[in-house]
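Going down the list, the sequences are from chains A and B. Numbering-wise (my numbering), the first sequence opens with residue 11 and increments by one. Numbering-wise (my numbering), the second sequence opens with residue 8 and increments by one. Note that CB positions come from ideal geometry on N, CA and C, so glycine has one too. Below is one structure, written out as structure tokens, with a few remarks after it.
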Amino acid sequence: MSAPAVFFYAFGAAAVLSALSMVLHLRNTVAAAMSLVVTMISLAVVYVVLDAHLVAALQIMVYAGAIVVVFLFVVMLLNLRHDVFAQRRERLVKLAGVVLALGAAFAFLQLVPNSLPTVQEIPADFGSYAAVGRALYRDFVLPFEISSLLLLAAIVGAVVLAKRRLS
Amino acid sequence: MEALVPVLIKTLFIILVAVAAFAPVITWVERKQSAVMQDRIGANRADIAGITVLGLLHPVADVIKLLTKEDVVPTGANRALHLMAPLIASIPVIASFGVIPYGGTYHFGDTTVNLVVADLDWGVLYIFAIASIATYGTVIAGWASNNNWSLLGSLRASAQMISYEVTMGLSIVGLFMCFQTLRLTEMGVAQDSTFRILGFLEHFGFVESLGWLSHLTLPTWGILLQPLAFVLFLTCVMAENKRPPFDLPEGESEIIAGYFLEYSGMRFGLFYMSEFIEVVVIAALMTALFLGGWTIPWLSQADIIGGVTPIFGVGVATGLCMLLHVVAFFAKVILMIWLQMQIRWTLPRPRYDQVMDLCWKVMLPLSLANILVTGLVILVLQGARA
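Here it is as structure tokens:
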């Protein structure tokens, strides 16, 4: 196996295992959040192996570096101690989870092999910030601007809602 | 496997220089410089058989003390996370050194030597990504200690680090626009030349009236092309490092020592050392981005090699050039370390809301304005040239 393949499978496995560890850490929400961070970082390594360098950097900067930190903030401030989550998990919910997981696995195995694109010629700058930047600011500039406007509206809305509750 | 050997040698060099040599000496520099600024003598007592070497043995004494101290884990702490946090805080700091070039690319016959561990196309993004992981070290340290002061410290640290990360990224976009690359080695090469200070006037038809003024040149260093970005970026990285004047997460007069309050022995030492290693990383990064990296002003690599080759031959000339470049790089790093120490011992600690106001209300708008003005200037110059 070549070195990229070794990295791909090792960090792919790490991503799956840490995701499992996140779901199974019922009693310690901080440990669960940290498992999520490991998942994010492992995914970033997988992206690097797949030549998607910009996505890898953004994965760590945005998800691991900012969003999960805010999760941790909330968890720490709420200071949820043992079993608060665990008690609510009743049998029906667990059953629904198992059924959903099986359904997702079945759909994945059915759909993915048929919908995978055939291997094409990959451009030299595939996944680089230059290629992504060109696509965003030249080919798709209108959708990009519209989505940034939506995000701005969301930020302003959040500030307005939080301010109203304070006063 | 053979391709790995140079990489391992370069990694070892960086770790030996930045972590093992620079960082302990900086702790001594910090003590001595504060002493000079406050009219004291400073550290001078640690000695081996009466020899003190200007107090340079204090770092050695520090390490021995930290290594032999008891490593206490508080009873109510989350043991695994408490033990892990210092590592999460310190490893990303060392890892970010991997993409910073400390020399250019040199050709010795068929072999090519480039003095950087990993020459990544997305080098600056890698540093930002790695820096954002370091936040977890402080957050987890504060929570896992099960101490309210620690938790307050880690909340302050994470809010401060996330806020300043935003401005940190935006403040040097203007630099990317000037150099048109994110690869740190290419940025170094781009800074290895000069520009005529009044050269832009030629595009508007002022050639004759300039006279000798048109021959004045400056190196194309980031600090000269983007002076505002230099100030903004330095402020941001110093806030990321959480050293004074941005040491509110530690704030010993309010929250004792903040996130590492419950740490002792070498685990405290790791937090302590990682701040000093980060001082070196910041200095190296500022050098690579703004101070021309390894380059020597008004003397490009082609000039050096071309000038020495007739006397000693190409091989010696290239080797000499490489040596000069590495020396120039570390001289600039030392200059930047000195500047950080000077700032650290000059400015008092602001209030927490002032730190946040500075980030969101002053530096963020300024860095956005910097991007806008840089874009306008580039457009106008391109238009004048066309």
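### Every unbroken alpha helix (DSSP H) within the stretch 127-173 of chain B, with a cutoff of 4 residues, ordered by chain
130-151
### Query
Can you give the beta carbon distance from I70(A) to I140(B), rounded, assuming they're within the 8 Å contact cut?
The sequence position of residue 70(A) within the first sequence is 60, counting from 1. The sequence position of residue 140(B) within the second sequence is 133, counting from 1. So it is a contact: roughly 7 Å between Cβ atoms.
### Task
Kindly say whether M32(A), judged by its beta-carbon, lies nearer than 7 Å to any beta-carbon of chain B.
In the first sequence, the residue the question calls residue 32(A) occupies position 22. Not one chain B Cβ lies under 7 Å of M32(A).
### Query
Thinking C-alpha only, which one of R190(B), I385(B), L365(B) and L375(B) is nearest A292(B)?
Within the second sequence, numbered from 1, the residue matching residue 292(B) stands at position 285. For clarity, residue 292(B) is Leu in the given sequence; the question names Ala instead. Nearest of R190(B), I385(B), L365(B) and L375(B) to L292(B), Cα basis: R190(B).
### Task
Quick one: give me the first and last residue of the beta strand (DSSP E) that V120(B) is part of.
Along the second sequence, one-based indexing puts residue 120(B) at 113. From DSSP, the beta strand (DSSP E) with V120(B) extends over T118 to N121.
### Query
Would DSSP call T224(B) helix, strand or coil?
Along the second sequence, one-based indexing puts residue 224(B) at 217. Strand.
### Query
Would you call the stretch 32-51 of chain B and the stretch 72-79 of chain B in contact, with 3 or more CB pairs under 8 Å?
No: the two stretches stay apart, fewer than three of their Cβ pairs being nearer than 8 Å.
### Message
So S97(B) and M273(B) are supposed to be a Cβ contact under 8 Å. How far apart are they, rounded?
### Response
Looking up residue 97(B) in the second sequence gives position 90. Looking up residue 273(B) in the second sequence gives position 266. About 11 Å separates the two Cβ atoms, so there is no contact after all.
### Query
Quick one, which residues of the stretch 54-68 of chain A are near chain B if we go by CB-CB under 9 Å, in chain order?
The residues in question are A54, H63, L64, A66, A67 and L68.
### Start-to-end residues for the alpha helix (DSSP H) that takes in F202(B)
Counted from its first residue, the second sequence places residue 202(B) at position 195. Where F202(B) is concerned, there is no enclosing alpha helix (DSSP H), although the beta strand (DSSP E) it sits in stretches over T201 to R203.
### Message
T188(B) and V123(B) - do their beta-carbons sit closer together than 7 Å?
### Response
As a working note, residue 123(B) is residue 116 in the second sequence. As a working note, residue 188(B) is residue 181 in the second sequence. When the beta-carbon positions are compared, V123(B) and T188(B) stay at least 7 Å from each other.
### Message
Cutting at 8 Å between CB atoms, please list the residues of its own chain near V333(B), excluding the five before and the five after it.
### Response
Your numbering for residue 333(B) matches position 326 in the second sequence. Y109, G110, L122 and W301.
### Own chain, CB closer than 7 Å to C366(B), minus 5 neighbours either side, in chain order
Locating residue 366(B) in the second sequence gives position 359, where the first residue counts as 1. Contacts found: S170, Y171 and T174.
### Message
Whole angstroms are fine: how far does the CA of L121(A) sit from the CA of V47(A)?
### Response
What you label residue 47(A) is simply residue 37 of the first sequence in a count that begins at 1. What you label residue 121(A) is simply residue 111 of the first sequence in a count that begins at 1. Near 29 Å, if we compare the C-alpha coordinates of L121(A) and V47(A).
### Query
If you measure from the beta carbon of M71(A) to each beta carbon in chain B, is any gap under 7 Å?
Here residue 71(A) is taken as the residue at index 61 of the first sequence, counted from 1. Interface residue (Cβ-Cβ distance to chain B less than 7 Å): M71(A) is classified as such.
### Query
When you check each C-beta in the stretch 130-146 of chain B against every C-beta of chain A, which residues fall closer than 7 Å?
L132, Y133, F135, A136, S139, I140, T142, Y143 and V146
### Query
Quick one: is T119(B) buried, meaning 16 or more other Cβ sit within 10 Å of its Cβ, or exposed?
Here the question's residue 119(B) lines up with position 112 in the second sequence. Burial call: exposed.
### Task
Run the CB neighbour count on W228(B), radius 10 Å, all protein chains shown included, and call it buried at 16 or more, exposed below.
As a first step, residue 228(B) must be located in the second sequence, where it is residue number 221. It is buried - the Cβ of W228(B) has at least 16 other Cβ atoms within 10 Å.
### Unbroken beta strand (DSSP E) run spanning T112(B), endpoints
Here the question's residue 112(B) lines up with position 105 in the second sequence. Where T112(B) is concerned, the enclosing beta strand (DSSP E) stretches over T112 to F115.
### Residue from A138(B), L88(B) and A236(B) whose Cα sits closest to the Cα of A151(B)
Here residue 151(B) refers to the residue found at position 144 when the second sequence is read from its first residue. For the residues A138(B), L88(B) and A236(B), the minimum Cα distance to A151(B) belongs to L88(B).
#### Entry: Member of V380(B), Q349(B), E259(B) and G382(B) whose CA lies at the smallest distance from the CA of I33(B)
If you number the second sequence from 1, residue 33(B) lands on position 26. Of the listed residues, the one whose Cα sits closest to I33(B) is Q349(B).
### Message
Which residues in chain B have a C-beta closer than 8 Å to the C-beta of A76(A)? List them in chain order.
### Response
Looking up residue 76(A) in the first sequence gives position 66. When 8 Å is used as the limit between beta carbons, A76(A) is near these residues of chain B: S139, I169 and E172, in chain order.
#### Entry: Own chain partners of Y359(B) with C-beta closer than 6 Å, once the 5 adjacent residues on each side are dropped
Taking the second sequence and counting its residues from 1, the one referred to as residue 359(B) is at position 352. Only L255 meet the Cβ criterion.
### Element boundaries [alpha helix (DSSP H), containing P13(B)]
What you label residue 13(B) is simply residue 6 of the second sequence in a count that begins at 1. Counting along the chain, the alpha helix (DSSP H) containing P13(B) begins and ends at L11 to I21.
### Query
Just checking my contact of L239(B) with S307(B) at CB under 8 Å: how many whole Å lie between their CB atoms?
Counting from one through the second sequence, the residue named residue 239(B) turns up at place 232. Counting from one through the second sequence, the residue named residue 307(B) turns up at place 300. Not a contact, Cβ separation roughly 28 Å.
### Query
How many angstroms separate the CA atom of I263(B) from the CA atom of V24(B)?
Indexing the second sequence from 1 puts residue 263(B) at position 256. Indexing the second sequence from 1 puts residue 24(B) at position 17. Roughly 33 Å separates the two Cα atoms.
### Task
Determine the burial state of Y147(A): buried for a count of at least 16 other Cβ atoms within 10 Å of its Cβ, exposed for fewer.
Here residue 147(A) corresponds to residue number 137 of the first sequence, with the count starting at 1. Y147(A) comes out exposed.
### Query
Start and end of the alpha helix (DSSP H) containing V16(A)?
The sequence position of residue 16(A) within the first sequence is 6, counting from 1. Taken as a continuous stretch (DSSP letters only), the alpha helix (DSSP H) holding V16(A) covers A13 to L34.
### Query
What is the DSSP secondary structure of I132(A), counted as helix, strand or coil?
Counted from its first residue, the first sequence places residue 132(A) at position 122. Three-state result, I132(A): coil.
### Query
So, does the CB of Y147(A) fall closer than 7 Å to a CB anywhere in chain B?
Residue numbering aside, residue 147(A) sits at position 137 when the first sequence is read from its first letter. No - not a single Cβ of chain B is within 7 Å of the one on Y147(A).
### Message
Can you pull the chain A neighbours of S165(B), defined as C-beta to C-beta under 8 Å?
### Response
Position 158 of the second sequence, counted from the first residue, corresponds to residue 165(B). Under the 8 Å cutoff, chain A gives V79, L82 and F83.
### Task
With a threshold of 16 other CB atoms inside 10 Å of the CB of H65(B), please say whether the residue is buried or exposed.
Locating residue 65(B) in the second sequence gives position 58, where the first residue counts as 1. Buried, by the Cβ-count rule.
### Query
Buried or exposed: Q233(B), going by 16 or more other Cβ atoms within 10 Å of its Cβ?
If you number the second sequence from 1, residue 233(B) lands on position 226. Q233(B) should be labelled buried.
### Message
Once DSSP output is grouped into helix, strand and coil, what is the label at L239(B)?
### Response
Here residue 239(B) is taken as the residue at index 232 of the second sequence, counted from 1. Here L239(B) sits in helix by DSSP.
### Task
Apply the 10 Å Cβ neighbour rule to N124(A) and answer buried if 16 or more other Cβ atoms are within range, or exposed otherwise.
Taking the first sequence and counting its residues from 1, the one referred to as residue 124(A) is at position 114. The residue in question, N124(A), is exposed, as its Cβ has fewer than 16 Cβ neighbours within 10 Å.
### Message
Quick check on the DSSP output: the alpha helix (DSSP H) that includes N377(B) runs from which residue to which?
### Response
One-based indexing of the second sequence puts residue 377(B) at position 370. Its alpha helix (DSSP H) spans residues L371 to R392.
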